[in-house]
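Visitor: The structure under discussion is supplied below as structure tokens; questions concerning it will follow.
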Amino acid sequence: MNKTVPTKPYADQKPGTSGLRKKVPVFQQENYAENFIQSIFDSLEGYQGKCLVIGGDGRYYNREVIQKAIKMAAANGFGKVMVGKGGILSTPAASHIIRKYKAFGGIILSASHNPGGPTEDFGIKYNIGNGGPAPEKITDAIYARTKTIDAYKIADFADINLDTIGKQTVAGMVISVIDPVEDYAALMEELFDFGAIRNMISLGFRIAFDAMSAVTGPYAKEILENRLGAPNGSVRNFLPLPDFGGHHPDPNLVYCKELYDEMMGDDAPDFGAASDGDGDRNLIIGKDMFVTPSDSLAILAANANLAPGYSAGIAGIARSMPTSGAADRVAEKLGVGMYETPTGWKFFGNLLDAGLATICGEESAGTGSNHVREKDGLWAVLLWLNILAVRGESVADIVRQHWAAYGRNYYSRHDYEGVDSDAANGLVTALRAKLPTLAGTQFGALTVASADDFAYHDPVDKSVSMNQGIRVLFEGGSRVVFRLSGTGTSGATLRVYIERYEPDPGRHGLDTQEALADLIAVAEEIADIKARTGRDAPSVIT
Ligand code: VG1
Ligand code: CO
């Protein structure tokens, strides 16, 4: 039986960079999740009788919201839901399932790299039929609806057993509990030369993959250990835990310090990697060589043709604006298109659908391709392994050769987390006011070439997205970028992105923070970070 339940709107349901993210207790308020899910359905048209994919990263509150979403999908007239066993679907796997089974769309429950647990973070995101995050047009409509919603629809049936694979019909809707890994693993086998990778591993190539007690565990176990023959134990922290073992499932040098230290140590494996809460990010560390995500994007794009799935070459590369320009040089050399988008994967969807870009990436450890419409952590790991197997060189050698051929983009991101929101907004407002006067200004040896607030003109649907990050470009190609995070759940996070291009191979071995020191000082001078935020130093440097 379907019920229509009266409800009152919440004022704080604006989707951010990647869906709605809040603390669990916020989501546990009466009708909070229901309001947002109904607002999603109310913003869509034509889904009657169609299929909805539902899954999440297994974090605390995942199962509860999945039960609500299934019952609401039934009451709203979906014909079918496909849900991952145990409520599990990594973000890239959900994207693939939506595409493969031609679903109408999907609901992904995740707060990605944010911590999980009863007082930590939760999130809900809607993906459209191409498998990608809903574009701004839809997220704006969802937000507008959350402000006026007065009722939601829910079917009245007992909770579905999510732990047994199989199909049943309840309240007129088919509910199919699927293996979350199988289709995804099969797709990876199509794209990459598993034989070559298996052979490399059998000859003693050692992998250390940290799943960070998050969703990638079951995927990495099946693919790296079962299918590619990496010894048992190559995949660590592979059991998805509701609180990620109390850790922060963000694969960066701060939260993966143990792996980093191991990779820099005497008996380091050949290849170290990690993924985030929902499996869409990747960290790549070779023996004695951390690969910045921006360099990784460039190197993967330059070598993608070595993998069967990309043997015909790539059509173009897209990167988010704050991501370093390393990939631009690869696009130039390959003679393919280069696109610069705002932060967030939703901006890549149109470029991928139109065949303008094949490989996309973000500085925040997200890389992916046209195989799905999300970034994909394991995909990046497998493409690296495929390249390593074909080239027979170490990660460090490949990176150094890349710098020698293209120049090196020194790059770092400084995050100031949990800053007072008013202070952060004040900093941005003051910066914006300064923009028109910055061009031509000299800071020591650095001269500002131009300064603006990035606006994106989508070449496909012609939509315009304003205010996507303040960038100050210096003569010679260095730059600093400032923006506020759209994924945090407490206070504001200021991100400062710093980049310097160094063509001289004699200067490719510097320490990154030292190589960027003058730009870091200029960023402070331009934005007044210490005075405005009260912070002496960033909370996280990546
Ligand atoms: C961050 C990253 C951005 C990424 C987004 C979602 O956004 O900077 O590159 O797309 O997280 O990633 P923000 O607004 O906090 O800078 V995930 O892995 O959290 O879905
Ligand atoms: Co993520």
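Under the working numbering, the sequence shown is numbered contiguously, ending at residue 1302. Just so you know, even glycine gets a beta-carbon here, dropped at the ideal spot from N, CA and C. Just so it is clear, the structure is predicted and the values come from calculations on it, not from any experiment.
On the premise that Arg1231 lies in contact with Asp1212, defined as a C-beta separation below 8 Å, what is that separation, rounded to the nearest angstrom?
Guide: Indeed, because the Cβ distance is near 6 Å, the residues count as touching under 8 Å.
Visitor: Please name the residue in Val813, Ser1225, Pro878, Asn1146 whose C-alpha comes closest to that of Phe1031.
Guide: The option with the nearest alpha carbon to Phe1031 is Asn1146.
Visitor: Say the cut is 7 Å; is the CB of Ser872 nearer than that to a heavy atom of ligand 2?
Guide: Yes, ligand 2 has a heavy atom inside 7 Å of this Cβ.
Visitor: Please confirm if Gly883 has its CB atom under 8 Å from at least one CB of chain B.
Guide: Any reference to chain B falls outside this structure, which holds one protein chain only.
Visitor: Between the alpha carbons of Thr1302 and His1174, how many angstroms are there, rounded?
Guide: So the two alpha carbons sit approximately 7 Å from each other.
Visitor: Quick check on this structure: which residue in His1162, Thr1247, Asp1036 has the alpha carbon closest to the alpha carbon of Tyr1015?
Guide: It is Asp1036.
Visitor: Asp1055 and Ala1086: beta carbons closer than 8 Å?
Guide: Contact flag set, yes.
Visitor: Within the chosen definition, does the segment 816-835 reach the segment 782-793 through at least 3 CB pairs nearer than 8 Å?
Guide: The segment 816-835, when compared against the segment 782-793, does touch it at the 8 Å Cβ threshold.
Visitor: In the DSSP assignment, find the unbroken beta strand (DSSP E) run with Asp716 in it and report its ends.
Guide: Residue 716 cannot be examined here, being either before or after the span of the chain that is shown, 761 to 1302.
Visitor: Pair every Cβ in the segment 841-854 with every Cβ in the segment 807-815, then say whether three or more of these pairs are closer than 8 Å.
Guide: Result yes; three or more Cβ-Cβ pairs closer than 8 Å.
Visitor: Does the beta-carbon of Thr851, which I'm using as the reference point, lie nearer than 7 Å to any heavy atom of ligand 2?
Guide: Yes.
Visitor: Just to confirm, does Asp1040 get its C-beta within under 7 Å of one of the non-hydrogen atoms of ligand 2?
Guide: For ligand 2, at least one heavy atom lies less than 7 Å from the Cβ of Asp1040.
Visitor: Exposed or buried, Gln773, counting other C-beta atoms within 10 Å across all chains shown (16 or more means buried)?
Guide: Buried, by the Cβ-count rule.
Visitor: Rounded to whole angstroms, what's the CA-CA distance from Asn959 to Arg996? Just pull it up for me.
Guide: Looking at the two C-alpha atoms, the distance is approximately 22 Å.
Visitor: Report the start-end ranges of each beta strand (DSSP E) in the segment 1154-1182 that is 3 residues or longer and not cut off at the edges.
Guide: Fully enclosed beta strand (DSSP E) runs of 3 or longer: 1168-1179.
Visitor: To test your reading of the DSSP string, which unbroken beta strand (DSSP E) runs of 3 or more residues are found completely within the segment 1107-1133?
Guide: Within the segment 1107-1133, the complete beta strand (DSSP E) runs of at least 3 residues are 1119-1122, 1126-1129.
Visitor: Which whole runs of the alpha helix (DSSP H) in the segment 808-856 are 4 residues long or more, in chain order?
Guide: Counting whole runs of 4 or more residues, the segment 808-856 contains the alpha helix (DSSP H) stretches 822-836.
Visitor: So, with DSSP's three-state summary, where would you put Thr908?
Guide: Here Thr908 sits in coil by DSSP.
Visitor: Among the residues of its own chain, which have a CB less than 6 Å from the CB of Gly1115, if the five just before and after it don't count?
Guide: Counting only Cβ-Cβ distances below 6 Å, and skipping sequence neighbours, we find Ala1075.
Visitor: So, for Ile935: in the same chain, excluding its five sequence neighbours on each side, which residues have a beta-carbon less than 6 Å away from its beta-carbon?
Guide: Closer than 6 Å at the Cβ level, and outside the excluded window around Ile935, lie Val841, Ile920, Gln928.
Visitor: Which stretch, first to last residue, makes up the alpha helix (DSSP H) that contains Glu1018?
Guide: Start and end: 1017-1024.
Visitor: With distances taken from CA atoms, which of Ala1034, Met1024, Gly989 is nearest Asp1010?
Guide: Checking every option, the nearest Cα to that of Asp1010 belongs to Ala1034.
Visitor: Pick from Gly779, Ala931, Leu922, Asn986: whose alpha carbon is nearest that of Asp916?
Guide: Checking every option, the nearest Cα to that of Asp916 belongs to Ala931.
Visitor: Quick one, which of Thr1127, Asn762, Asp1038, Asp1027 has its alpha-carbon nearest Ile1044's?
Guide: Checking every option, the nearest Cα to that of Ile1044 belongs to Thr1127.
Visitor: Tell me which residues share the same chain as Lys831 and place their Cβ nearer than 7 Å to its Cβ, disregarding the 5 neighbours each side in the sequence.
Guide: Cβ within range, chain order: Ile914, Ala915, Phe917.
Visitor: Report yes if the C-beta distance between Tyr807 and Phe838 is below 8 Å; otherwise report no.
Guide: Their beta carbons are under 8 Å apart, which means Tyr807 touches Phe838 by this criterion.
Visitor: What is the rounded straight-line gap between the Cα of Tyr1099 and the Cα of Ala1117?
Guide: Looking at the two C-alpha atoms, the distance is approximately 8 Å.
Visitor: Exposed or buried, Ala968, counting other C-beta atoms within 10 Å across all chains shown (16 or more means buried)?
Guide: When all chains shown are included, Ala968 counts as buried.
Visitor: Which value, in whole angstroms, describes the spacing of the CA atoms of Ala1199 and Phe1234?
Guide: Cα-Cα distance, rounded: 9 Å.
Visitor: Find the nearest neighbour of Val1141 within the set Gly1229, Arg1041, Arg1239, Asp1218, judged by alpha-carbon distance.
Guide: If we check each option's Cα against that of Val1141, Arg1041 comes out closest.
Visitor: How about Gly865 and Ile848: are their beta carbons less than 8 Å apart?
Guide: Against a cut-off of 8 Å, the Cβ pair of Ile848 and Gly865 comes out as no contact.
Visitor: Where does Asp919 sit, in a helix, a strand or coil, going by DSSP?
Guide: Three-state DSSP puts Asp919 in coil, outside helix and strand.
Visitor: Do you know how far the Cα of Trp1163 is from the Cα of Ile1119?
Guide: Straight-line Cα distance between these residues: approximately 20 Å.
Visitor: Based on the DSSP secondary-structure assignment, which residues constitute the bridge partners of Glu1100?
Guide: According to DSSP, Glu1100 bridges with Arg1079.
Visitor: In whole angstroms, what separates the C-alpha of Leu951 from that of Gly989?
Guide: When rounded, the distance between both Cα atoms is 18 Å.
Visitor: As a quick exercise: from Asp970, Gly1186, Met1024, pick the residue whose alpha carbon is nearest that of His1007.
Guide: Closest by alpha carbon: Asp970.
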